[in-house]
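Residue 1 is where the sequence shown starts when you use the UniProt record's numbering, and the numbers rise one by one after that.
Cβ coordinates follow ideal geometry from the N, Cα and C atoms, glycine included.
None of the values given here were measured: they were computed from a predicted structure.
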Amino acid sequence: MEHGDSMPRHIDDKDLSPQIALGLGDYSGGDVMTWETENSLTPVLQSIKYQIVKLDGRYPHHALAPDSGTRFSLYFYKLFDRRWTKSRPKSFPPQVLHSWAAAAFETVEEPLELAPHSDAEEAPNRVNSVARGSESHKMTPQKQKCKGTFHDMKYCQGSHHGLS
Numbered sequence: 001m002e003h004g005d006s007m008p009r010h011i012d013d014k015d016l017s018p019q020i021a022l023g024l025g026d027y028s029g030g031d032v033m034t035w036e037t038e039n040s041l042t043p044v045l046q047s048i049k050y051q052i053v054k055l056d057g058r059y060p061h062h063a064l065a066p067d068s069g070t071r072f073s074l075y076f077y078k079l080f081d082r083r084w085t086k087s088r089p090k091s092f093p094p095q096v097l098h099s100w101a102a103a104a105f106e107t108v109e110e111p112l113e114l115a116p117h118s119d120a121e122e123a124p125n126r127v128n129s130v131a132r133g134s135e136s137h138k139m140t141p142q143k144q145k146c147k148g149t150f151h152d153m154k155y156c157q158g159s160h161h162g163l164s
């Protein structure tokens, strides 16, 4: 996990396959720049904010520092797999595999009913924390309303999906 700062232009030459990146937090900027060759002058700029992005670290790339706020970046990659005898083919440009829209949740005034769940008794006491800058903001299920197809929030109105 990377926290906040930028990462200089580099190549992950030990990677066996493309990597998966996800940016979390309340920040602006902080995109990833990738180049198709070491001599390319024009990069491809890709946001990873609340998006699962497949990008290939075997191409030159650079993570920009956020303009404001705090970013937590998660990168998943393989350096070794005993089943593979050679590296996987390279992949360019970066691809968004899944995205959560910035407006996935809207604040509402009226209390919402909790979604049916096996642990519904403990639900009113559960609060999710979201890191924002240097402070932590609380996001209570009663003050948030689910919109669209975002299924990872446990207490979306009318939803039976969620994480245990």
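Note the first and the last residue of the continuous beta strand (DSSP E) segment covering residue i.
i, result
"L45", "V44 to Q46"
"L74", "F72 to F76"
"R9", "M7 to H10"
"G30", "From DSSP, G30 is part of no beta strand (DSSP E); its letter is neither H nor E."
"L97", "Q95 to S99"
Taking residue i as the reference, give the member of the options with the closest Cα.
i, options, result
"G25", "L41, M33, Q19 and Q51", "Q51"
"G23", "D81, P89 and S6", "S6"
"residue 170", "Q95, G69 and I48", "The structure shown has nothing for residue 170, since the chain only spans 1 to 164."
"L97", "V53, F80, F72 and T42", "V53"
"F92", "K78, S73, L45 and R9", "L45"
"K49", "L41, T42 and F72", "F72"
"P89", "W100, G57, H62 and P8", "G57"
"A21", "Y77, R82 and T37", "Y77"
"W100", "D81, H62, P43 and S47", "S47"
"P8", "E38, H61, K14 and T42", "H61"
What are the residues that DSSP puts in a beta bridge with residue i?
i, result
"L55", "Q19"
"S68", "S28"
"K49", "G23"
Assign residue i to one of two classes, buried (16 or more other C-beta atoms within 10 Å of its C-beta) or exposed (fewer than that).
i, result
"W84", "exposed"
"Q19", "buried"
"K86", "exposed"
"S17", "buried"
"S55", "With the sequence shown as reference, residue 55 is identified as Leu, and Ser is not the correct amino acid for it. Under this definition L55 is a buried residue."
"P66", "buried"
"P94", "buried"
"H10", "exposed"
Assuming contact is defined by CB atoms lying nearer than 8 Å, are residue i and residue j in contact in what I supplied?
i, j, result
"L64", "D12", "no"
"Y75", "T34", "no"
How about residue i: is its C-beta nearer than 8 Å to some C-beta of chain B?
i, result
"K49", "Protein chain content of the structure displayed is limited to a single chain, and chain B is not contained in it."
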